[in-house]
Structures are given as C-alpha cells and as structure tokens.
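Sequential numbering of the sequence shown, starting at 2, is according to my numbering.
One structure is given here, and the rest of the page talks about it.
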Amino acid sequence: MWLVLLTLWLGGAHAGPIAFVGETFHDWKERLFGKGHPLPEVVDAPATGAITLVPGQPLRIRIDAQAPQRDLAKGHSHYREVVLPQALAHASLRVQVVTQRQRKVGNTVFQPVLYLQGEDGALREPLVVKPLHLDIRPFRKSRLLGCVRLDDVRGFLLATDASVVGKSWEAQVREAIKAPSASGFYYATDAIKARLPFAATGQVILDISAEDDAGPTC
C-alpha cells in the first residue's frame, strides 16, 4: 500500500484549479502552499471560542466533538467561528484538510464549508471548499489542498456538509504508473482510485491573504 501511495505522490498528475496555462499540480501546490508562498510556522488555534485569523499566519483548527454545533443550510454540523482583525474586500483562503485516523475506519477527512458573515452578522449562502486535491507526503500525514476566493469577508463559520458524512472523497481513477526516481529506484503500480471517508469532525489549516481584486481562482 505504501508503494502505491508513494507512487501517487511522485506522479503529481492531479487535475486542479490551475490559474495559469501550462501550470501543473506541482506548480500550483508550490505557488500556494510551498516556496512560492513562504509563511511562518503553523500555530494551533484556541480550543474554544472565536478564532482570530490574521492574514499571513496559518492556523490549525480542530473541529472535534466538543466544538459547538447547530443547524445550518448544509445540515446539522459542528463548527468553529473564525473572525478577521479587519474586513477584506478581496481575499484568497488556502485550505489544508489533514487526514485523521479513526478506529475501524482508517484515515478520514473533513469537508470544509464556509458560511460568511454579513455586516449584520447574518450568514450568507454556504461556500463548499472544492475541488480538494490529494497531497501525499512521505512520513507525514496526507492532506487535501484547496483554495477559494472570497469577497467582502470579515468572518465566517467553518462547518461541514452533513450529507457527505459517511460518504467518501474520491480521486480520479489513475492509469498504471511507471516512473524512475532521482535516486535511481523504479516505481510501478496498477491503476487505482484513492478514497477517504468524510467525517463529522476533523482538522483544517487555514491561511488567508488580501488580494487586489476579485478573481475566479487563486
């Protein structure tokens, strides 16, 4: 199984929300989550209460069984409230969903749904963070990566879609892969489909930055 996962990581042939012609998944990942977007170390958000998300400082947010819960447009959900120090007219929100190990289930993921808050505190229509793309890293937890553009954002609720809990995130079917590594080893695998069950709780890393104007993709 590790051989299959390592091969996927080496292949890097993900379909993605590519912003530039000719940009590969690796280029997109490095631009938004790697060397093209250097950031301080991720810090843990407070376990309770509202969370302040400062632009340029990534936060690890845990939505666990102790998190508040309520009925929302996408169904009943645990949630965390996220606020910004000041409103942003346009912003990019980079999202990392870290896989969590659950007994009898294996690795699970959390489907992030954002409910932006209006100036009067009312919640806007839900925004599902998608697409999410699998990033497998040797000796580190796998993660799903996504990025969404937001307008007139001052805060939001981070929740999930109740209808997907118990279903699974699925990667596109991969063709058989044969690829040499830089160290001379040769990897090969049959065609597979990656599948990760959605859970009602999970761990998400958020990073927000201001943008000059509105845009369809990050």
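Backbone N, C-alpha and C fix where the C-beta goes; we use that ideal spot for every residue, glycine too.
- Within the DSSP bridge table, the entry for G156 names V84 as partners.
- When secondary structure is reduced to three states using DSSP, H27 falls in the helix class.
- The alpha-carbon of L40 is positioned some 17 Å away from that of C219.
- Scanning the region 105–174 for uninterrupted beta strand (DSSP E) segments of 3 residues or longer gives 107–109, 114–117, 134–136, 144–160, 169–171, listed from N- to C-terminal end.
- Within the same chain, and ignoring the five residues on either side of A74 in sequence, the residues whose Cβ sits closer than 8 Å to its Cβ are Y116, L124, E126, P127.
- With a cutoff of 9 Å on beta-carbon distance, R81 and L133 are scored as not near each other.
- DSSP places L54 outside both helix and strand once states are collapsed to three, so it counts as coil.
- Excluding its 5 nearest sequence neighbours in each direction, V55 has C-beta neighbours in its own chain below 7 Å: P86, listed in chain order.
- As a beta-bridge residue in DSSP terms, R63 pairs with Q204.
- With a beta-carbon spacing of about 15 Å, L33 and A211 fall beyond the 8 Å limit used to define contacts.
- C-alpha of Q101 to C-alpha of I62: approximately 13 Å in a straight line.
- Per DSSP, the continuous beta strand (DSSP E) segment holding P198 begins and ends at 196–198.
- Across the structure, V205 and G23 are spaced so that their CA atoms are roughly 29 Å apart.
- Leaving aside the five residues that flank D65 on each side, the residues in its chain whose CB is nearer than 8 Å to its CB run, in chain order, H79, T202.
- Judged by DSSP secondary structure, L73 falls within the beta strand (DSSP E) whose first and last residues are 70–73.
- Within the same chain, no Cβ atom closer than 6 Å to the Cβ of D72 is found once the five residues on either side in sequence are excluded.
- Residue pairing from DSSP places H77 in a beta bridge opposite D72.
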